[in-house]
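A.B. asks: Questions regarding the structure given below will be posed in turn.
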Amino acid sequence: RGAYLATMERLKFLETTREAAAREKAVADAQREDLNAYEEALKTQLIRVAQKRREAEAQLEAEQAKEAAALLPENRKLLETLEDEWEEQHALQQHSIRSHQEQLKALRNALDLLQREEREVQRSVETVQDLHGEAATKAADVAETLQRLLAQAHDAKESLQDLRTLAS
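See the structure below:
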């Protein structure tokens, strides 16, 4: 009976441990999916920013070619203003790209950390399962030994009663 209880207790513990591991894995998977989706969104945004930059450069070159043909003093000022604005916009876009790249790197590091923690938790779960299995085995051995001792004590009691009967 003790071995049965120990086995049932072990089964309950293993089921609880499996459920906890499954929940942790589901959370890690959801976080990983969120990080991947965010990474894809950042990549898409970076592509759009680069495309806009190329379009702005092409537009600026076209405008420069048009104006180079006949630049009046007021047109030169406008061209210089446009060039200055373009340089500012380009600098802002470059800063935005670097910022997105840093965010992407931080997200990758976070994902690596989560995966490392997930592996550590899995190893811990396996260690606990092993220890629980050993404890259940030892509990079953102790229960068996106690049963034998109880049987021996019962036999000794009967022998003592037989000796008393013979002595009287």
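In my numbering, the protein residues as written are 28 to 195.
All C-beta atoms in this analysis are idealised placements derived from N, C-alpha and C, irrespective of residue type, glycine included.
Smallest Cα separation from Leu-69: which of Leu-131, Ala-194 and Asp-139?
C.D. replies: Comparing Cα positions, the closest option is Leu-131.
A.B. asks: Since I believe Leu-134 is in contact with Glu-60 (beta carbons under 8 Å), could you give me their beta-carbon distance rounded to a whole number of angstroms?
C.D. replies: Going by Cβ atoms, the distance from Glu-60 to Leu-134 rounds to 12 Å, so no, they are not a contact pair.
A.B. asks: For the putative contact between Gln-58 and Leu-173, defined by C-beta atoms under 8 Å, what is the C-beta separation to the nearest angstrom?
C.D. replies: So it is not a contact: roughly 49 Å between Cβ atoms.
A.B. asks: Should the segment 151 to 160 be called in touch with the segment 40 to 49, which here means at least 3 C-beta pairs below 8 Å?
C.D. replies: Enough Cβ pairs lie closer than 8 Å, so yes.
A.B. asks: For Ala-183 and Ala-49, what's the separation of their Cα atoms in angstroms?
C.D. replies: Each residue's alpha carbon lies about 53 Å from the other.
A.B. asks: Do you know how far the Cα of Gly-29 is from the Cα of Leu-280?
C.D. replies: This structure does not reach residue 280, given that the chain is present from 28 up to 195, and the question cannot be answered.
A.B. asks: Is it true that the CB of Glu-145 sits closer than 8 Å to the CB of Glu-82?
C.D. replies: It is not a contact, given that the beta carbons lie outside the stated cut-off.
A.B. asks: Apart from the five residues on each side of it in sequence, which residues of its chain come closer than 7 Å, Cβ to Cβ, to Val-76?
C.D. replies: Hits under 7 Å: Gln-120, Ser-123 and Ile-124.
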